[in-house]
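Residue numbers (our numbering): 4 to 224.
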Ligand SMILES: *Cc1c(COP(=O)(O)O)cnc(C)c1O
């Protein structure tokens, strides 16, 4: 299947899932996860009109997207991987949205760097819905306080919440939990759902789904 066909297939699945719960597809953005994918594959999607992409590593993203951003207009690049504080400067300079704000120290560093660069990069709070020790993210019961801190003390523009459910659990429970926390904290956007579970995520309110495999095929690395 060509990328064009894959993109169309995914868009049809998005339409179907949205229709089932009477949601408007315009409220659902597809973030094409291009980590590990070469420039040629990314440019094929761009030539088909796609503009929203996600990368999980700052260094890799910089190498690939600095040239792409000077070549194409209207690109929106999301950081969807862990961000170390020593990479905050580069991340603020490159990304249009940061989805992985997961601890106070990072939030403070982002706020300071955005002031220095005189930019405002919209952010999401990553919630560790499965309360997995090894995984990044704010625990559900601490999220409201953290959102408050980010917005009111650091003046960050927090658009919504993001989660990556535990691999061995039913994702729907985690999506519903995230949606509940977003409602409590008055946040509009929900970045949830990957290639294997995006239809469920849409039914539970996802505004952003992050798809790699479904669009590009299996990753080599
Ligand atoms: C890799 C990745 C994705 C995409 O995963 P697929 O299963 O290939 O769709 C989505 N979100 C995050 C945070 C990722 O790291």
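Backbone N, C-alpha and C fix where the C-beta goes; we use that ideal spot for every residue, glycine too.
query, result
"Residue 218 (DSSP reduced to helix, strand or coil)", "helix"
"Inter-residue CB distance, residue 110 and residue 159 (contact presumed, cutoff 8 Å)", "6 Å"
"For residue 206 and residue 173, the rounded distance between their alpha carbons", "14 Å"
"Alpha-carbon to alpha-carbon, residue 82 and residue 102", "6 Å"
"Given 8 Å, three or more beta-carbon pairs between the region 170-187 and the region 14-23", "no"
"Start-to-end residues for the beta strand (DSSP E) that takes in residue 165", "161-165"
"Alpha-carbon spacing of residue 66 relative to residue 97, whole angstroms", "10 Å"
"Per-residue DSSP class, three states only, for residue 57", "strand"
"Distance CB(residue 80)-CB(residue 49) smaller than 9 Å", "no"
"Cα-Cα separation between residue 186 and residue 8, rounded to whole angstroms", "36 Å"
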